[in-house]
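Student: The structure that follows is given in the form of structure tokens.
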Amino acid sequence: QADLAWRANAACAGLVGIGPCSLQMAVLTPQVASVAADGDNPKAPASDAASSASEGLLSAILSCLVWPGICALPLALTLGGPNFKAVFPATWYDEAPVSPARGAYGVADPSTVKPLGLTLGLLAVAVGHVFMLSYHALRRSGWLGGTRRVQPQERAYQFSEGLKTHLSQPEGFALIGSYLVGTWMLGWMPPSYYSFAGGISWKHVAAQLLLQDSLQYLMHFGEHKISSWVYRHSHKPHHRFTNPRLFDAFDGSLADTSLMIVVPFVIVARMVPANVWSYMTFGSLYANWLVLIHSEYAHPWDGLFRMVGFGTAADHHVHHRLFVFNYGHLFMYWDRLLGTYRSPGQLAGTHFNKDV
């Protein structure tokens, strides 16, 4: 059974060889590790070992599918060529490269703006949300076997209530949605963002994620440290969740969302000359990853993420519980560099489970 689970995980890693997502998939999950331990124990009942192997297999497959699922729409429309041309009429998009006269970092000509790129970008986040929320529902319901809570204290809630709360938060959706629609339709984005030429540039996606999180670290640290007045009127509402659940990700104040998300968005767009597909991929990865780090459960990929400095749910729970550590969200690089990082393992036995 252990060999079966290991082979399944390795096979999944081979199936998902797409951009940087492939690095995130090739990880021996904790569930599979526990199966291996049971398989080496001759006293373990055969039925229990078989059940553990099945759970490990399902968890391994799902860990391979969540991240490319989050990127599903831009991948489907660009893999193997410009597939979008077979779906949308040419009058709906501008495939021409950015002209030297307009430049990559200026402002687009509003008369050339078409809504297709914006529509696909918003749809990409929604499709990614379907994959992400389905994954969370399966883990929470026990279909994937046992779950590992980041904090042992359970926050009981109905999934339907949590989903309704998540989708109705004006801070997370109305404000950000208004920014995205307004800047796009008024032609305030750099011209490159309106171009359908080429496919996904993973270096641009990586640059967007790294820069967005770096600016978010700076804003987050400032909200905590500048003054008690700034903290009280910006970030404090979000910190009422000392044991957050996945659906609390966008529950905060308008000032907090503006400072930590919208302002970095504006700066990133001026510094990274991405096209439609890269912008779409960045948006879906960023939005869904930000939700996943608020999850009440540890994820199968957390071990690998922590090795390479990516943010995990347990890392972010440390910040919500103690307030003074782990200001980064997607990456822990600035926290490690500036001495503000604390591993949940260092705090095991207090508020955190020892195996997260």
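Residue numbering for the sequence shown follows UniProt numbering, beginning at 1 and increasing consecutively.
Every residue, glycine too, gets a C-beta built ideally from N, C-alpha and C.
Tell me whether His274 sits in a helix, a strand or coil according to DSSP, three-state version.
Tutor: By one-based count along the sequence shown, residue 274 stands at place 274. One point to set straight first is that residue 274 is Ala, not His, in the sequence displayed. Note: Ala274 maps to coil in three-state DSSP.
Student: Given a cut-off of 8 Å on the beta-carbon distance, is the pair His294 and His316 in contact?
Tutor: One-based indexing of the sequence shown puts residue 294 at position 294. One-based indexing of the sequence shown puts residue 316 at position 316. Yes; because the gap between Cβ atoms is below 8 Å, this pair is in contact.
Student: To which residues of the same chain is Trp289 closer than 7 Å at the C-beta, ignoring the five residues directly before and after it?
Tutor: As a working mapping, residue 289 is identified with position 289 in the sequence shown. Leu330.
Student: Alpha carbon to alpha carbon, how far is Asn326 from Trp334? Give it in angstroms, no decimals.
Tutor: Along the sequence shown, one-based indexing puts residue 334 at 334. Along the sequence shown, one-based indexing puts residue 326 at 326. The alpha-carbon atoms of Trp334 and Asn326 are separated by roughly 9 Å.
Student: Assign Thr191 to one of two classes, buried (16 or more other C-beta atoms within 10 Å of its C-beta) or exposed (fewer than that).
Tutor: As a first step, residue 191 is located in the sequence shown; it is residue number 191 there, counting from the start. Per the sequence presented here, residue 191 reads as Pro, with Thr not at that position. Label assigned to Pro191: buried.
Student: Excluding five sequence neighbours on each side, which residues of the same chain lie with their C-beta closer than 6 Å to the C-beta of Thr242?
Tutor: Taking the sequence shown and counting its residues from 1, the one referred to as residue 242 is at position 242. So the qualifying residues of the chain are His320 and Arg321.
Student: To the nearest whole angstrom, what separates the beta carbons of Val318 and Pro344, a pair I think is in contact under 8 Å?
Tutor: In the sequence shown, counting from the first residue as 1, residue 318 sits at position 318. In the sequence shown, counting from the first residue as 1, residue 344 sits at position 344. Right, their Cβ atoms sit about 6 Å apart.
Student: Looking only at C-alpha atoms, which of Leu259, Val308, Met332 and Thr281 sits nearest to Glu171?
Tutor: Translated into positions along the sequence shown, residue 171 becomes position 171. Comparing Cα positions, the closest option is Leu259.
Student: Roughly how many angstroms lie between the CA atoms of Leu210 and Leu338, to the nearest whole one?
Tutor: As a working mapping, residue 210 is identified with position 210 in the sequence shown. As a working mapping, residue 338 is identified with position 338 in the sequence shown. Answer to the nearest angstrom: the Cα atoms are 16 Å apart.
Student: When the Cα atoms are used, what is the spatial distance from Ala86 to Glu161?
Tutor: Taking the first residue of the sequence shown as 1, we reach residue 86 at position 86. Taking the first residue of the sequence shown as 1, we reach residue 161 at position 161. Cα-Cα distance, rounded: 40 Å.
Student: With Arg140 as the anchor, note down where its alpha helix (DSSP H) starts and where it stops.
Tutor: Here residue 140 corresponds to residue number 140 of the sequence shown, with the count starting at 1. It spans Leu116 to Ser141 - the alpha helix (DSSP H) in which Arg140 sits, taken as one unbroken run.
Student: Report all residues from its chain with a CB closer than 7 Å to the CB of residue 391; omit the five preceding and five following residues, and keep chain order.
Tutor: The chain is shown from 1 up to 356; residue 391 falls before or after that span and cannot be answered.
Student: Using only CA atoms, which one of Val150, Gly349 and Ala314 lies nearest to Tyr341?
Tutor: Looking up residue 341 in the sequence shown gives position 341. Minimum Cα distance to Tyr341 is reached at Ala314.
Student: Under the three-state reduction of DSSP, which class applies to Phe250: helix, strand or coil?
Tutor: The sequence position of residue 250 within the sequence shown is 250, counting from 1. If DSSP states are grouped into helix, strand and coil, Phe250 belongs with coil.
Student: Excluding five sequence neighbours on each side, which residues of the same chain lie with their C-beta closer than 6 Å to the C-beta of Ala287?
Tutor: One-based indexing of the sequence shown puts residue 287 at position 287. Val125, listed in sequence order.
Student: Which residue or residues does DSSP assign as beta-bridge partners of Phe310?
Tutor: As a first step, residue 310 is located in the sequence shown; it is residue number 310 there, counting from the start. DSSP, once it has assigned bridges, lists Phe331 as partnering Phe310.
Student: Could you tell me the distance, in whole angstroms, from the CA atom of Val130 to the CA atom of Ala269?
Tutor: Counted from its first residue, the sequence shown places residue 130 at position 130. Counted from its first residue, the sequence shown places residue 269 at position 269. Computed Cα separation, rounded: 26 Å.
Student: To which residues of the same chain is Ser201 closer than 8 Å at the C-beta, ignoring the five residues directly before and after it?
Tutor: Stepping through the sequence shown from its first residue, residue 201 is reached at position 201. These residues qualify, in order along the chain: Ala274, Asn275, Trp277 and Ser278.
Student: Which same chain residues end up closer than 6 Å to Asp248 when comparing Cβ atoms and leaving out the 5 residues on each side of it in sequence?
Tutor: Within the sequence shown, the letter at position 248 stands for residue 248. Cβ within range, chain order: Phe241 and His294.
Student: Spatial neighbours of Val291 within its chain, please: CB distance less than 7 Å, with the 5 preceding and 5 following residues excluded, ordered by chain position.
Tutor: As a position in the sequence shown, residue 291 is number 291, starting the count at 1. Correct list, in chain order: Met132, Leu246 and Ala249.
Student: Taking 7 Å as the limit between beta carbons, can you name the residues of its chain near Asp3, skipping five residues before and five after?
Tutor: Taking the sequence shown and counting its residues from 1, one reaches residue 3 at position 3. Confidence at Asp3 is low in this model, with a pLDDT of 47, below 50, so its placement is unreliable and the value that follows should be read with caution. So no residue of the chain qualifies.
Student: Let's see if you can read the secondary structure: which residues bound the alpha helix (DSSP H) around Gln212?
Tutor: Translated into positions along the sequence shown, residue 212 becomes position 212. That run of the alpha helix (DSSP H) goes Trp202 to Lys225.
Student: For Arg149, collect the residues of the same chain with a Cβ closer than 7 Å to its Cβ; drop the 5 residues on either side in sequence, then sort them by chain order.
Tutor: Stepping through the sequence shown from its first residue, residue 149 is reached at position 149. Annotation for Arg149: Glu296, Tyr297 and Asn353 place their beta carbon closer than 7 Å to its own, counting only its chain and skipping 5 residues before and after.
Student: How many whole angstroms separate the CB atoms of Met280 and Pro74, which I take to be in contact at a CB cut-off of 8 Å?
Tutor: Taking the sequence shown and counting its residues from 1, one reaches residue 280 at position 280. Taking the sequence shown and counting its residues from 1, one reaches residue 74 at position 74. Indeed, because the Cβ distance is near 5 Å, the residues count as touching under 8 Å.
Student: Any idea what DSSP makes of Ala86, helix, strand or coil?
Tutor: As a working note, residue 86 is residue 86 in the sequence shown. Three-state result, Ala86: helix.
Student: Report the rounded CA-to-CA distance for Tyr217 versus Gly309, giving the unit in angstroms.
Tutor: Numbered from 1 along the sequence shown, position 217 holds the residue referred to as residue 217. Numbered from 1 along the sequence shown, position 309 holds the residue referred to as residue 309. Spanning the two alpha carbons is a distance of roughly 14 Å.
Student: How would you label Thr312, buried or exposed, when you count the other beta carbons within 10 angstroms and need 16 or more for buried?
Tutor: Taking the first residue of the sequence shown as position 1, residue 312 is located at position 312. Buried.
Student: Rounded C-beta distance between Val266 and Ala207? I'm assuming under 8 Å.
Tutor: Looking up residue 266 in the sequence shown gives position 266. Looking up residue 207 in the sequence shown gives position 207. Their Cβ separation, rounded to whole angstroms, is 16 Å, which puts Val266 and Ala207 out of contact at 8 Å.
Student: Which of the three DSSP states, helix, strand or coil, is assigned to Ser195?
Tutor: Reading the sequence shown from its first residue, position 195 is the one you call residue 195. Three-state DSSP puts Ser195 in a strand.
Student: Looking at C-alpha atoms only, which residue of Pro244, Gly252 and Leu215 is the closest neighbour of His233?
Tutor: As a working note, residue 233 is residue 233 in the sequence shown. Nearest C-alpha to His233: Gly252.
Student: Run through DSSP, which three-state label would Tyr297 get?
Tutor: Translated into positions along the sequence shown, residue 297 becomes position 297. In this structure, Tyr297 counts as strand in the three-state DSSP scheme.
Student: Over the uninterrupted alpha helix (DSSP H) stretch that includes Trp92, give me the two end residues.
Tutor: Within the sequence shown, numbered from 1, the residue matching residue 92 stands at position 92. Premise fails: Trp92 is in no alpha helix (DSSP H) and is neither H nor E.
Student: When DSSP labels each residue in this structure, what does Ala348 get in the three-state scheme?
Tutor: Taking the first residue of the sequence shown as position 1, residue 348 is located at position 348. For Ala348, the three-state secondary structure derived from DSSP is strand.
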